[in-house]
Each structure stands twice: as structure tokens, then as C-alpha cells.
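Numbering (this note's numbering), first residue to last: -13 to 71.
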């Protein structure tokens, strides 16, 4: 999980997505898991523009652990749910 706010995070998500996609040639669902308390709006999009022309818009899913209610996951058999606790 991303444990602190970082302005260049959306670009890093795009780079990771591209590296994984190119290496494995499989569909990839980009998901960012944030474990810090949100003080600013965390973007879920990376946009690249050149001479005022939008060239690329990349979206990823964002999960903010601090916004999740742990009671929803306490009885889950899913091992990923343990991360939410």
C-alpha cells in the first residue's frame, strides 16, 4: 500500500501498469491501495498533454483503507481482507 501522499504517484502508477503489461502481455487491472489518512484529494487519473493536446488519460481504481469499515471484513475468509484490518 501507499502509506503517504506523493504528488507524482499517478505517473508512477501508469509506469508500473505499462511495465507489467509489456512484460506479461496480459490484461492488468490497476488498483492503488492507500493506507494513509486522506488530507488532500488523491487523484485516480494520470493525464499527459503536449502543446495543450491531451495525449493520454490513464485511470486506476483507488482503495482508501482508512475509509473502509473493518467490521465488514472481520468474518471474511478472504486473506486479502486481513490487510483491511
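All residues carry an ideal CB built from backbone N, CA and C; glycine is no exception.
Annotation for residue 48: the continuous beta strand (DSSP E) segment containing it runs 47 to 50. Looking only at 3, 20 and 28, the smallest Cα-Cα distance to residue 51 is reached by 20.
Around the Cβ of residue -4, a 10 Å sphere holds 16 or more other Cβ atoms; the residue is buried. Partner residues in a beta bridge of residue 28, as assigned by DSSP, do not exist. Judged by their CB atoms, residue 17 and residue 60 are not nearer to each other than the 8 Å cut-off. Residue range -5 to 10 is occupied by the alpha helix (DSSP H) that includes residue 6.
Going by C-alpha positions, residue 41 is about 11 Å away from residue 32.
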